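Chains as they are written, first to last, in our numbering: chain P, 11 to 288; chain V, 2 to 239.
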């Protein structure tokens, strides 16, 4: 049977210096359309794992598989890797290369050999999807952090990667920006893009993810359904995390499962029995 | 917070932003050429007036920003003209000074209306080797990033000093910090470039098109200045 998982990690380990393991023996299977949240404290290995999955760093042990085949680090192999897997860095400024927004978003298609008229169409669509067509001719260094994140994301989405890796994408965004980000990620996941997000934000992870993966000292401490994993207070405390507020409130009030994962769900869940005066 | 170099900001936001660099280079470059060949009096004053009008009324650049950018250049030219007074006399020094100021106004027009990336794209279309243009693009991005870092560090220092003057020790610590962070930034940008598979820098063709009407007007103005200079040659000798 052909393995069609867009990306897998098999026994992946990485050390920045001899003996200092940032990632230890991580196995991760990521099906198409998955929404995986990597949770963990600072230094838990989230960002490093994303760098390994993106091909930016070379694994010390283990291997990364793309669509079932071992990802190669040859020139052609890396090109394929970049096409298949897009990574949004924590500071988007680090990956914006061109002087203006449209030039930066066009970089990927043009480098991939797309003709200019088609590249312009793709850029316009990507900017519209990110709700930033008005920024097209602006210089990237004059944008706010949230705008830079959207531009960097547009630069990834314009290439339609099979796997999208996001390092703290909601950090620095206002509530409207977070809502727009979540809607965009939901659309991508429904279209089959596998999304892996590293975050500290347990509330966001609880609401958005189909699966959470808690990292501790470079290894996977727990993995599974958000409602199950994030209810384990003892494990979360060990990993220097806290349970999501909505889940904690629902558990404190008591009531039927499944527990609500978003504010609207919480309102609906609490209303029938007037558990809480809303 | 986002900070940026004032000149760069003006170059990106003026009324001539969408005008083709060829239009601007024809206008500013032509006037610059005239400033260097026509008699200083009165033609340098006319060239200065034309460049100033184009900058302030055409490109709608604020007078204050224009003055702030031009003043150091005029200061430098004035300082250079002083020894010339002793060596070559008043008239010669004044002529050199006037030519210099007119040329500075022409260069200011180009610098304040044309962002660096537009110039680099024009250079690419003029068949300057791609590797040089791509290198210049990356250097430009790095300079802008380091400028932002510098502004942040300066703000941080100001806040810690509560408006006081920084000591030599504090200033040198900040300079060291800027250097370290610039190197870190360069490494992160290198990683970002590698992540995006930077092997050459393909760019979209700029949307700005040359305007025939503008080019004709620019050349007509320059031709009029040249014709007037020839006509009044006996009164204002070359």
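Think of the CB as a built atom: it goes at the ideal place given N, C-alpha and C, for glycine as much as any other residue.
Just so you know, these numbers come straight off a predicted model, no measurement behind them.
- For residue 73 (chain P), the enclosing beta strand (DSSP E) begins and ends at 71–76.
- Every unbroken stretch of the alpha helix (DSSP H) spanning 4 or more residues and falling wholly within the region 166–225 of chain P is given here in chain order: 185–200 and 212–218.
- With fewer than 16 other Cβ atoms from the protein chains shown falling within 10 Å of its own Cβ, residue 220 (chain V) counts as exposed.
- Here residue 231 (chain V) is exposed, its C-beta having fewer than 16 other C-beta atoms within 10 Å.
- In the pairwise beta carbon analysis, the region 164–176 of chain V is classified as not touching the region 73–86 of chain P: fewer than three pairs are separated by under 8 angstroms.
- The three-state secondary structure of residue 9 (chain V), taken from DSSP, is helix.
- With the criterion set as a beta carbon lying under 7 angstroms from some beta carbon of chain V, the members of the region 144–165 of chain P are 149, 151, 152, 153 and 154, in sequence order.
- For residue 195 (chain V), the closest Cβ of chain P is nearer than 8 angstroms.
- Pairing residue 246 (chain P) with residue 144 (chain V), the inter-Cα distance amounts to about 43 angstroms.
- Ranked by Cα distance from residue 175 (chain P), the first of P:204, P:186 and P:269 is P:204.
- Here residue 23 (chain P) is bridged, per DSSP, to P:71.
- The beta-carbon of residue 109 (chain P) is placed less than 8 angstroms from the nearest beta-carbon of chain V.
- No Cβ-Cβ contact shorter than 8 angstroms links residue 49 (chain V) with residue 82 (chain V).
- Residue 183 (chain V) is outside the set of residues whose beta carbon lies under 8 angstroms from a beta carbon in chain P.
- Just measuring C-alpha positions, the residue of P:98, P:241 and P:248 sitting nearest residue 165 (chain P) is P:98.
- When the alpha-carbon of residue 21 (chain V) is set against those of V:189, V:162, V:236 and V:208, the nearest one is in V:208.
- As the crow flies, the alpha-carbon of residue 45 (chain V) is around 6 angstroms from that of residue 36 (chain V).
- DSSP places residue 259 (chain P) in the helix class (H, G or I) of the three-state scheme.
- Distance from the CA of residue 9 (chain V) to the CA of residue 113 (chain V), rounded to the nearest whole angstrom, comes to 8 angstroms.
- At a cut-off of 8 angstroms between beta carbons, residue 179 (chain V) makes no contact with chain P.
- In its chain, beyond the 5 residues on either side, 128, 129, 132, 133, 168 and 169 have a beta carbon closer than 8 angstroms to the beta carbon of residue 119 (chain P).
- 64 and 66: these are the residues of the region 52–79 of chain P whose beta carbon lies less than 7 angstroms from some beta carbon of chain V, given in chain order.
- In its chain, beyond the 5 residues on either side, 116 have a beta carbon closer than 7 angstroms to the beta carbon of residue 13 (chain V).
- Residue 142 (chain P) is not bridged by DSSP to any residue.
- Counting C-beta pairs with one atom in each stretch, the region 259–274 of chain P and the region 84–96 of chain P have fewer than three that are closer than 8 angstroms, which means they do not touch.
- 204, 205 and 206: these are the residues of the region 204–236 of chain V whose beta carbon lies less than 7 angstroms from some beta carbon of chain P, given in chain order.
- Separation of residue 204 (chain V) and residue 137 (chain P) (C-alpha to C-alpha, rounded to the nearest whole angstrom) is 17 angstroms.
- Within 9 angstroms of the CB of residue 142 (chain V), the CB atoms of chain P belong to 106, 107, 108, 109, 150 and 151, in sequence order along the chain.
- Within the DSSP bridge table, the entry for residue 149 (chain P) names P:110 as partners.
- Residue 13 (chain V) reaches chain P at 148, 149 and 152, counting residues in chain order whose Cβ is nearer than 8 angstroms.
- Excluding the 5 residues flanking it on each side, residue 97 (chain V) has same chain C-beta neighbours closer than 7 angstroms at 82 and 85, in chain order.
- Inter-residue distance for residue 227 (chain P) and residue 19 (chain P) is about 17 angstroms (C-alpha atoms, whole angstroms).
- Here residue 118 (chain V) is buried: its Cβ has 16 or more other Cβ atoms, across all protein chains shown, within 10 Å.
- For residue 178 (chain V), the enclosing alpha helix (DSSP H) has its first and last residue at 169–196.
- A contact is defined here as three or more CB-CB pairs under 8 angstroms, and the region 220–235 of chain P fails this definition with respect to the region 69–76 of chain P.
- Contact with chain V is absent for residue 132 (chain P), since none of that chain's Cβ atoms lies less than 8 angstroms from the residue's Cβ.
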